[in-house]
Amino acid sequence: MDNVPIHKPEKITEEVKEFWAKVKTLVRRSPMTDRDNLVARIKEAAEQVTPEDCQGWIRHAESFFESCLNKEQL
906 MDNVPIHKPE KITEEVKEFW AKVKTLVRRS PMTDRDNLVA RIKEAAEQVT PEDCQGWIRH
966 AESFFESCLN KEQL
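Each residue of the sequence shown is one higher than the one before, starting from 906 at the first, in this note's numbering.
In structure tokens, the structure reads:
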């Protein structure tokens, strides 16, 4: 059991999950064929994540900074 008080709340770590959700959606857009390489497909999908996507995820995380600094429950 891990009770370290520095755990990052789910709302803060959501950005990483959002990135991978977008990558998975892009990878799944078309069925894999025998010729497809999964690693290459993941790389191609990750390259389609835009700076605007990342900025949005960062803004979302930043919206919690004040609450975290004030040690408020999230």
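Glycine included, each C-beta is placed from N, C-alpha and C at the ideal position.
Item to complete: Between the Cα of E923 and those of A945, T938, C959 and K948, spot the shortest distance and give me the residue it belongs to.
Response: Residue numbering aside, residue 923 sits at position 18 when the sequence shown is read from its first letter. Ranking A945, T938, C959 and K948 by Cα distance to E923 puts C959 first.
Worksheet entry | Residue closest to T918, alpha-carbon to alpha-carbon, out of N975, E977 and H965 | Locating residue 918 in the sequence shown gives position 13, counting from the first residue. Distance from the Cα of T918 is smallest, within the candidate group N975, E977 and H965, for H965.
Worksheet item: In whole angstroms, what is the alpha-carbon distance linking K927 and S935?
Response: The residue given as residue 927 occupies position 22 in the sequence shown. The residue given as residue 935 occupies position 30 in the sequence shown. For K927 and S935, the distance between alpha carbons rounds to 14 Å.
Fill in: alpha helix (DSSP H) runs contained entirely in the stretch 939–966, provided each spans 4 or more residues
With a minimum length of 4 residues, the continuous alpha helix (DSSP H) runs that stay inside the stretch 939–966 are 943–952.
Worksheet item: In chain order, what residues of the same chain have a beta carbon less than 7 Å from the beta carbon of V932, not counting five sequence neighbours either side?
Response: Taking the first residue of the sequence shown as 1, we reach residue 932 at position 27. Residues R946, I947 and A950 of the same chain have their beta carbon placed closer than 7 Å to that of V932, with the five preceding and five following residues left out of the count.
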